Structure formats: structure tokens, C-alpha cells
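Going by my numbering, the first sequence runs without a break in its numbering and finishes at 454.
Cβ coordinates follow ideal geometry from the N, Cα and C atoms, glycine included.
Source: prediction; values computed, not measured.
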Amino acid sequence: MALQLFNTLTRKVERFIPLDPAGRHVGMYCCGPTVHDFAHIGNFRTFVFTDLLRRYLEFRGLDVLHVMNITDVEDKIIKRVHQQQTTLKDYTGKYEAEFLKDFDALQCKRPHILPHATEHIPEIIALIEKLLARGIAYQAADGSVYFSIEKYRGCGCKYGQLVNLNFDGMRVGDRVASDEYEKESVADFALWKQRVPEDGTVFWRSPWGEGRPGWHIECSAMSIKHLGESFDLHLGGEDLMFPHHEDEIAQSEGALNLPAGRRFVEHWMHGSHLLVEGKKMSKSLGNFFTLRDLLAKGFSGREIRYLLLTAHYRAQFNFTLDGLAAARVALARIDECVGKLRELAGAASMPPGPELPLQFTKAMDDDLNVSAAWGAVFDWVTETNKKLAAGQLKGPQAAAALEAWKRVDEVFGLGSPPSDDVPPEVLALVEERQAARKAKDFKRSDVVRDQLKALGWVVEDTAKGPRVKRI
RNA sequence: GGCGGAGUAGCCAAGUGGUAAGGCAGGGCUCUGCAAAAGCCCCAUUCGUCGGUUCGAUUCCGACCUCCGCCUCCA
């Protein structure tokens, strides 16, 4: 079977075929964070999804160039920079660093390129100039430059590729109507915003005067620069479909005037939102968790990653702490099994057992069906545990099983659980308990076990002696 | 109002025109001094509701109900 992925352009699951004639290189652009505040785990759901896709493409032998932008200029940022009397760079630098820290904690692979909007002003200006030259953009009386959807359509281009648009049926927000009245048409959007006093020190020179880029143009400029005029994959959260991605297509295809049959992006994919108590997690509703909130509750980045990876990317997913607790237990089951294999395998080295990777690939080829993939993993865990319990696994077989898991985990990216550094006082208690057990003083040994529990450790008596684990 | 998505056991969640994967929780047993871990067994005659097509539908079609998202900054 071949890899199939859902494409928002066609609303169908399609065979994924790279543009590269050799079928090897894949260009992948992900809409990254706007660094105006701490990101919440709803935001990170999308990044974990893009990480999963990248890793799976690599697992399938493709050579992925992964680009994720950092939006470091935007209305909210400008407002806060002004309020806090700081500079754009200081303000966004802080949140970018925090973002990347969380990104790493969730064990996402760093994109190969992390372009910043503010570092691509010349490319943005050049793109707008192309649109003006083609007559698709215009400078309005307020000095800002807008994209004309009417002119764009007049060029034979289609506006409304990702969503069905029916402007008559749309509820045009008050904000759009009152705020940007200089536009020729309500649906037109800003490419370059004329500088206003509230912008403070945040502005760049342009052929149209001082100002700053509109929201959508940065992604067009940066993706074209780093991935070319036509590339394979563009990803983001479902809320970006409209207007952001629709406008990106319009700007890019409008400016590039691509030959017939070619398009800006071949394959668009959108991750569904994370919900909290059945509602969208968002800053404005205040019902969000940041990664640091969850870390403070004692959960690890890898447990959160696991939870986010158990839901299909196109399914809305209701985030709850109960769900996270259940995920912790499920993950521990895998860890327990893999840990035993690791112990048995020792230094033995074997090629991977074929069954798990085969079932895994079958599941993931179907538009990243992670539920089926986890089903394969847990079937494998049960099988492996059975063999372990029966003493049927020797070093080489354990090594082969372990290698199979490693292959799969290159995609899931869970890695090993952090190894426990057992404090001396805990070790002392373990020894004391063991001595009591030898002396058949079980009352005493149970008291010590309770003491260990109070310290946050469980002790397991195995054939090879006692073993402690952090609770 | 327009557009899109979803309703499967206590919870999470796959799936198929031929009779329901997996995880968590729960119950019983084995192992254990007792536990833990692991193993074995049990846990949806049923897939929002009502119709239709069919030999047969949870899976296809229609209507309805409910929920969510987008249409406005937003992953």
C-alpha cells in the first residue's frame, strides 16, 4: 500500500506523490506560532501533528525539508511592545525562546529552517510589487495596500479553493466593516499596512511609505523563498484554512502566475482543534492549559505528547486531565514491556522483527491512522509480554523485538522514560525491607514499603531481587 | 443565516455492506509472604433517532435530533 493523506483542496484522502521527479525530496511548510504569549497545548497539538507527519515521511524514506515560520510582527505584538515600552526583538525573543523550550519538551524535531517574518521584509515587498504590477493589488486612500479578490478572479484564478465561499451568506463582522473601510471590497485583505501612531517604533520603509506587512503575506514570501514557487505540503490548524491559507494561495498564485497545471501547494493538511470540556481551547475563552501548567501538575512532556498522538489529527479531541492520567498508565504499560526487553537484549544486536513495523505502516499509510497504529503497538505489547512471561525470549529475540519498537518509535518519538536516579535514603530503605523479608519479618517489610510509597517510590519483588520505580 | 465536521460500551477511540480493534476504568482467577508487574477470563445482540435501499446496514440514501468548528485575531 502507498501513503495516502487527506488533502483539504480536494477534501479527499489522496495518494501522496512528491513533486520531486525522483520521488525523494519533500518540501513541507508549517504555519508556526505567533510569539505574543505562551503557547497553549491546543497550539502544540498542531505542532505535534506536523512533527508526526514529518517523522512518518522520513520513516517512509523521504527526505523532508521542514520549514516553520515564526510570526514576530502582528497587531497584538505591536500593542504589547508599545504598552511595555520594550523593543520588538526583546519582546518576541522571549516568547520565541519559551515556545522552542516547550516544543523541545514535547520531543518535536526542530524544523530545518525557522524563518522570521521580520527578516523577510524585502521578500514581502517584492511579492507585493509583483501583485501591484499584475493589477491584483491596489493602494487605498488610507495608504495601505490591499489584495483585490475581484481582480484576482478576473485573471482566471480561483478564490475559494480550500473552503466553499458564498460571500452573500457570510456574516461580515462589525470589525471588518468599520475598521477597514478604505478597501474596495469587504473581502479584500491587507498586504501592507500603512504606519499608524499606535505602531510606535515598529515599522519598515516600503515603496508605499512606512508600515508593516499584512498577516498572510509573510507565509507566502517565506515559503516561496525557502521551498520554491511550488511545493508539496503546507500544514496548519483548521482555523487557518480561511482566511489565512486561502489568502496565501491567492497572493502566491496571483503573484507567481504559475504555468497551467501547477499550483502553489500540492497538498494542504489541517489539524483539528483541541477542545477543553467540549469547547475550543482558546486564549479568549480563558480555558487553556499551557505546557508549564501541566508540567507543574507533574505530567511530563512525553506523556502529553503521547496523549496528543493518540487522537487522529482531523478529529476534534477533548482534552481532560483524566484523559492525561489514563494516557500516563497506557504509556507506562509500553515502557514496562520495552524496559524488560532492553534488560534481556543487553548488547545483542538483531534486525527488527517484521510484524510490528508492518502493521504500523499499514495503519499509518492510511492518512496517519494513529488509533490503528496504537492498536498494533498494544497487540505487540501483549504478545511480547506473553513470551516474556513464558520465558520464551532470549537475548537475540528480545533484541529483534526491541529493534522493531525502535523503528516505530522513530515516528512516535517517545524515546525512553527518564531513568530514575534512586536517592541513597530510598536505596537504604529497599535494603532494609529486603533484610526484613529474608528474616520473614513481613510486618516490618510492609511498613518499609509504605515508607517508600510515602517518598514516591514503589518496590517490585522480581526474580532478580527488588526493583524500585518512581510513582 | 452560509459552509464544514462529528455522534460506537462508564470514559477515550478504530472499523467494515455479512454481523463490533485497541487503551483506561471495573470484576474474577494465576503468580506473590502480601503486593507490584505480567498472564488468563469477563466487560456493546449493539454503533444518536426514525424511515428507505438490500438476502443482510453500525457501515449506502433521506429526514430529524444533538454537539463542535469556521465565516472576526486565533494552531
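Residue nearest to residue i in terms of C-alpha spacing, selected from the options
| i | options | result |
| --- | --- | --- |
| residue 131 | 252, 234, 11 and -8 | 234 |
| residue 460 | 107, 379 and 127 | The question about residue 460 has no answer, for the chain in this structure spans -16 to 454. |
| residue 419 | 449, 403, 401 and 393 | 449 |
| residue 121 | -8, 177, 247 and 297 | 177 |
| residue 330 | 380, 410 and 365 | 380 |
| residue 146 | 322, -9, 443 and 378 | -9 |
| residue 138 | 126, 116 and 125 | 116 |
| residue 243 | 140, 200, 123 and 11 | 140 |
| residue 21 | 84, 356, 13 and 451 | 84 |
| residue 402 | 364, 452 and 439 | 452 |
| residue 537 | 72, 438, 395 and 400 | With the chain covering -16 to 454 only, the question about residue 537 has no answer from this structure. |
Inter-residue spacing [alpha-carbon to alpha-carbon] between residue i and residue j
| i | j | result |
| --- | --- | --- |
| residue 30 | residue 15 | 8 Å |
| residue 424 | residue 412 | 14 Å |
| residue 66 | residue 193 | 21 Å |
| residue 96 | residue 52 | 8 Å |
| residue 459 | residue 404 | Nothing can be reported for residue 459: it is not among the residues displayed for the chain, which extend from -16 to 454. |
| residue 308 | residue 75 | 34 Å |
| residue 254 | residue 261 | 17 Å |
| residue 367 | residue 429 | 31 Å |
| residue 239 | residue 169 | 24 Å |
| residue 285 | residue 306 | 14 Å |
| residue 181 | residue 62 | 7 Å |
| residue -4 | residue 124 | 45 Å |
| residue 103 | residue 78 | 19 Å |
| residue 337 | residue 220 | 35 Å |
| residue 211 | residue 189 | 24 Å |
| residue 397 | residue 90 | 7 Å |
| residue 4 | residue 392 | 29 Å |
| residue 436 | residue 454 | 8 Å |
| residue 492 | residue 296 | Absent from the model: residue 492. The displayed extent of the chain is -16 to 454, so no value can be given. |
| residue 269 | residue 26 | 14 Å |
| residue 205 | residue 298 | 29 Å |
| residue 320 | residue 375 | 14 Å |
| residue 179 | residue 187 | 12 Å |
| residue 50 | residue 207 | 11 Å |
| residue 358 | residue 41 | 22 Å |
| residue 377 | residue 387 | 16 Å |
| residue 415 | residue 60 | 59 Å |
Close-in-space but distant-in-sequence residues of the same chain around residue i (CB under 8 Å, 5 per side omitted)
| i | result |
| --- | --- |
| residue 1 | 7, 8, 9, 45 and 215 |
| residue 24 | 257, 264, 271, 272, 273, 274, 277, 287, 291 and 302 |
| residue -2 | -15, -14 and -13 |
| residue 434 | 412 |
| residue 159 | In this predicted model, residue 159 has a pLDDT of only 42, less than 50, meaning its place in the structure is not dependable enough to derive any value. |
| residue 223 | 14 and 253 |
Under 8 Å between C-beta atoms of residue i and residue j
| i | j | result |
| --- | --- | --- |
| residue 227 | residue 251 | no |
| residue 33 | residue 218 | yes |
| residue 302 | residue 258 | yes |
| residue 236 | residue 202 | no |
| residue 314 | residue 384 | no |
| residue 134 | residue 111 | no |
| residue 183 | residue 18 | no |
| residue 364 | residue 311 | no |
| residue 143 | residue 249 | no |
Heavy atom of the ligand NAD within 7 Å of residue i beta-carbon
| i | result |
| --- | --- |
| residue 333 | As far as ligands go, the structure on display features none, and thus does not contain the ligand NAD. |
Beta-carbon contacts of residue i that lie in its chain and below 6 Å, excluding the five residues immediately before and after
| i | result |
| --- | --- |
| residue 352 | 346 |
| residue 390 | 335 and 340 |
| residue 100 | 54, 55, 56 and 201 |
| residue 126 | 177 and 192 |
| residue 441 | 452 and 454 |
Residue i classed as buried or exposed, judged by whether at least 16 other C-beta atoms fall within 10 angstroms
| i | result |
| --- | --- |
| residue 155 | Bear in mind that the predicted position of residue 155 carries a pLDDT of just 45, short of 50, making it unreliable; the figure below should be weighed with that in mind. The residue in question, residue 155, is exposed, as its Cβ has fewer than 16 Cβ neighbours within 10 Å. |
| residue 70 | exposed |
| residue 166 | buried |
| residue 362 | exposed |
| residue 37 | buried |
| residue 372 | exposed |
| residue 432 | buried |
| residue 47 | buried |
| residue 332 | exposed |
| residue 28 | buried |
| residue 444 | exposed |
| residue 196 | buried |
| residue 422 | exposed |
| residue 394 | buried |
| residue 173 | buried |
7 Å CB neighbourhood of residue i in its chain, flanking five on each side removed
| i | result |
| --- | --- |
| residue 213 | 2, 241, 245, 246 and 247 |
| residue 171 | 129, 130, 131 and 132 |
| residue 81 | 21 |
| residue 382 | 328, 331, 332 and 333 |
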